[in-house]
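Presented below is the structure to which this report refers.
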Amino acid sequence: MTSSAWKRTLAASLLAATALATSAVTGRAADITLRALMEDVPETRIIEALLPEFTEKTGIKVEFEKIGYPDMHDKLVTQLVSAESAYNLLEVDFLWAGEFPAANWLVDLKPMADASKFDTTPFIPSMLDLLGRTADKMPLVPMYNYSMGLIYRTDLISDEKLKAAYKQETGRDLAVPQTLEDYVAIAKFMKAKAGVEGAAMQGQRGDPNAMEFSNYLFSAGGRYLNDDRTVALDSPEARKALDLYVDNIKNGAQQGALSATLDDTLRLMCSGKAFSMVTYWWMLPQIDDAKACPAAAGKVALSVMPGGHGESGGWGWGIPANVPEDQQKAAWTFIQWVQSKEIAVKRALQGHAPVRSDVFADPAVLAKYPFYKTAEAVVASGKSFPIFTYSAEFENVLGTQISTAASGGTSTDEAVKASAAGIKDLMSR
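Residue numbers (mature numbering (1 follows the signal peptide of the UniProt record, and there is no 0)): -29 to -1, 1 to 400.
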């Protein structure tokens, strides 16, 4: 399809959807305001800056309430179980993609997509599957991905004095790590010899350390579930992963890592006082920004998680079932607009983490961010945290065990056994 033809198709789709969104009440889109609870991260601010464009096109106003991730789930659930949700547009984490549809809190978006001829083929299939897409239903439309990889300091990894010292100490060349063992060894070396923290780690119990540890698990060859969805966590690979995670948080990471969050690790990396961080790949443009992070900009790069596989997650757009139909239709109008190629490219040029393959391949995007080639490899090689009704609860179970092991309160063997028992119990409910 040519660019002009694609734009005509999008415009027609938006006009039709806008008409649907406004016909149920007064016929005026200005009567509808969409309200969404959003995680306070750069992606949200990128979209927020584009909202006037949507309102000018459709007349529909959009308001974002931005809060930290730890408070989002419970605040959303409070609204979704009420008679009518105050939020008529939803940002839903993949960890809730089992719970929310199972509770019948979401509108099935497939009939809306079919009626408006919304094309899902450009979306990366794994992102649709991550968010619960089946042959019959589509509870969520992908918003952005947060696959994780390794961001590291290129100046330190190529420093001749450090290379000589590492070679003398280990007998190996200092280079971008290819295995999990190599990564932890280099992080500990950097902390001891380079005058920086070897790893900026988000060890706070719960979502931060559960997501961070998942990278270690997948890179060590472990998994949470077998293909038949039986529990696979109690394994030698999981013990190896947790041993290395605990070693790094004790001997490679910053002081206070056990209570650190993503924001803490970003600040540390931006300060130029850390060699590396296992984090979401889309953090790279921020760390490489000379205005935001002058101490680190120009000295950082991205790689696939050492070992070959990192954690893959993502957010999706949803529509609550407990809001009026005209608001649901207005929300669908917004979703079509914000996930269109035109707007997705605009977002990507500001550092957005795409969920569409055509955006990763867009010439303008690659010209500005050549590392998006690596980012696509990070996304493609990522593996998912287990998705089921009680995924959020399992995060807390796992996070507690990781934290306890890292603080010396239990052995890594017992922590792995307890985590495996925890997911097995939750999945049996």
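Note that CB positions come from ideal geometry on N, CA and C, so glycine has one too.
- Thr49 sits exposed, since fewer than 16 C-beta atoms from the chains shown fall within 10 Å of its C-beta.
- The three-state secondary structure of Asn75, taken from DSSP, is coil.
- At a cut-off of 4 residues, the continuous stretches assigned as alpha helix (DSSP H) that sit fully inside the stretch 28 to 65 are 40 to 51.
- In the three-state reduction of the DSSP assignment, Asn197 falls in the coil class, being assigned neither a helical nor a strand state.
- In the structure shown, Tyr216 adopts helical secondary structure according to DSSP, grouped into three states.
- Asp259 is not a Cβ neighbour of Gln173, given a cutoff of 8 Å.
- When Cβ pairs closer than 8 Å are counted between the two stretches, the stretch 316 to 326 is seen to touch the stretch 102 to 122, the count reaching three or more.
- Residue state for Lys388 is assigned as helix, using DSSP reduced to three classes.
- Shown here, Leu320 sits in coil according to DSSP, grouped into three states, outside any helix or strand.
- Of the other Cβ atoms in all chains shown, fewer than 16 fall within 10 Å of the Cβ of Pro23; this residue is therefore exposed.
- Ala386 and Phe25 have their alpha carbons spaced roughly 49 Å apart.
- Of all alpha-carbon atoms in Ser97, Thr29, Ser399 and Glu313, the one lying nearest the alpha-carbon of Thr360 is that of Ser399.
- Ser283 and Arg176 have their C-alpha atoms roughly 19 Å apart.
- Rounded to the nearest angstrom, the Cβ distance from Asn75 to Gln298 is 18 Å, too far for a contact under 8 Å.
- A check of alpha carbon separations from Asp153 across Val167, Gly166 and Tyr137 identifies Tyr137 as the nearest.
- Note that the C-beta distance between Leu239 and Ala391 is not below 8 Å.
- The beta carbons of Ala170 and Ala158 sit closer together than 8 Å.
- Here the alpha carbon of Ile128 sits roughly 22 Å from the alpha carbon of Glu183.
- Counting along the chain, the unbroken alpha helix (DSSP H) around Met240 starts and ends at Leu233 to Cys241.
- Its chain contains Ile17 as the residues whose beta carbon lies nearer than 6 Å to that of Arg318, once the 5 sequence neighbours on both sides are disregarded; these appear in chain order.
- Boundaries of the beta strand (DSSP E) around Tyr251: Ser247 to Tyr251.
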